[in-house]
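For any residue, its number in our numbering is found by taking its place in the sequence shown, counting from 1, and adding 310. Report on the structure given below.
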Amino acid sequence: VTMAERFGHNAVPAEQEEDASPLRAAREARRERIRMLEQGLRTHDEDRARELGEGTVPLQWPGGPSFLAVAPPEPRGQGRLHIDKRLHLTSMHASHKEAMRDLLIGNAVLGAEVGNRPPSPRTLAALHGTSVVAPTSPTGAPRSAPSSPGRRRGYVHSSKLSALDAETLLRDAEGLLQVEVGEDQWCRVAAQLSTKAYDMEPLDVLRAVRVLGTVVLGQRGGTVSKASARKEIARAADHLIQSLTARLQDEPLDVLLEVLETMSDARVGSQQYLDMLMALILARHHRDCQALRSDVALRLATALGRLAGPGGLRLRPKGVGGPQTTTSCKLMDVLQQRIVGGLGTFSG
């Protein structure tokens, strides 16, 4: 008794077995062709290895010339990394090597220039602890530096600017607002202030932004007539204020308000930067519900109004859509409540 008969299944009819026999024969013929093809490929590899090994001493056996052993075919599988990922990693390592090479070459060139440059008398005097005697004229009076139009106009050489620290450079830039300075000089000052962005405190950075914004707006410090020069100075001011992005997380509310007022005075900043400030101010309110007092709320509303006004950057305190809009609207509601609640305390 078969299993089919025991469980009630009928055996395959004879006509179906006759229909299945051609298919079985076709499968067997296909397997035989594949086997013969693989055998032919292996025979070809062995013959080629035998031709390569003929006449070589290590492959010569007493029974005759032998052939190199052919490695069995390796199973092919899908790679662990996609081709796009591998190309990205390859290009990334290549750019990293090029950047490292440029850095090393730059350091080598700068080191050679510093080594070949003799120290100044003032530097030698500082090292030895002595003072430098000013050169004298034939009459015995101290010799003064020759006067030039650039010196009379408050011109400061770029090499001197590069050697100044951040505080000195900022004071010199504020002093240049009182004189007539050319646009080339202001471009050099803006570039030097940009390099000192992360060396200055947040309030000093805001001072530098106000200086450059005053120059771009043409209020003081000379006339910057070229559009390219104004654009370069404005770009430096934007770089300075953007350098505060990561440093404003732990700053008090007064500094955040100062940033908003600087943006409105210098007309620098973007909508994304304003959205970030609105989120930080709302976080300060959640941390301390008394932080937004009535006078602070009025100061904040004034700064936001100047940013959104016709003469400002026309930024939107409530946002332009997206997840940040909800946060900005919450702060505007709190601001309105504080201003309405403190109307009796405001004085004309």
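Just so it is clear, CB atoms sit at the ideal spot from N, CA and C, and this is done for glycine as well. All figures in this text were calculated on a predicted structure; none of them were measured in a lab.
Residues in its own chain within less than 6 Å of residue i by CB, not counting five upstream and five downstream?
i    : result
L563 : R594 and A601
V499 : A483
A539 : E493 and C497
M510 : A476
R337 : none
D548 : V578
So the candidates are the options; which of them puts its Cα closest to the Cα of residue i?
i    : options                   : result
S504 : D494, R358 and V515       : V515
L617 : E361, S604, R481 and M588 : M588
G619 : M573, R337, R334 and C497 : M573
G485 : M510, R530, Q502 and V534 : R530
Q634 : E338, I344, Q582 and I543 : Q582
R609 : Q647, E568, G350 and D357 : E568
A556 : M586, Q349 and A613       : M586
T655 : G631, A607 and E348       : A607
A613 : G631, H596 and M642       : M642
By Cβ distance below 8 Å, which residues in the same chain neighbour residue i in space, the five residues on each side in sequence not counted?
i    : result
C639 : K628 and G629
R577 : G523, V526, L527, G622 and L623
L487 : V521, T524, V525, R530 and G531
To which residues of the same chain is residue i closer than 7 Å at the C-beta, ignoring the five residues directly before and after it?
i    : result
D575 : R520 and G523
E561 : P512
A611 : L645 and I649
R462 : Summary for R462: the model assigns pLDDT 40, below 50, so the residue's position carries little reliability; its value from the coordinates is reported in the next sentence. Excluding positions up to five away in sequence, the list is empty.
D598 : none
T637 : M588, A589 and L592
M346 : none
E542 : C497 and A500
If I'm right that residue i touches residue j with Cβ under 8 Å, what's the distance once you round it to whole angstroms?
i    : j    : result
L570 : L625 : Their Cβ separation, rounded to whole angstroms, is 10 Å, which puts L570 and L625 out of contact at 8 Å.
A518 : L480 : 6 Å
E652 : S604 : The question names Glu, but residue 652 in the sequence shown is Gly. Indeed they touch by this definition, with Cβ atoms about 2 Å apart.
L558 : L566 : 7 Å
A501 : A537 : A501 to A537, Cβ: 18 Å. No contact.
Below 6 Å, is the gap between the Cβ of residue i and the nearest heavy atom of the ligand GTP?
i    : result
G621 : This structure simply doesn't include the ligand GTP, nor any ligand for that matter.
Check your understanding: Where in the region 531-580 do unbroken runs of the alpha helix (DSSP H), each at least 4 residues long, occur, reported from the N-terminal end onward?
Key -> 537-552 and 563-576
**Study point:** Minimum length 4: unbroken alpha helix (DSSP H) runs contained in the region 467-513
**Key:** 468-473, 476-486 and 493-505
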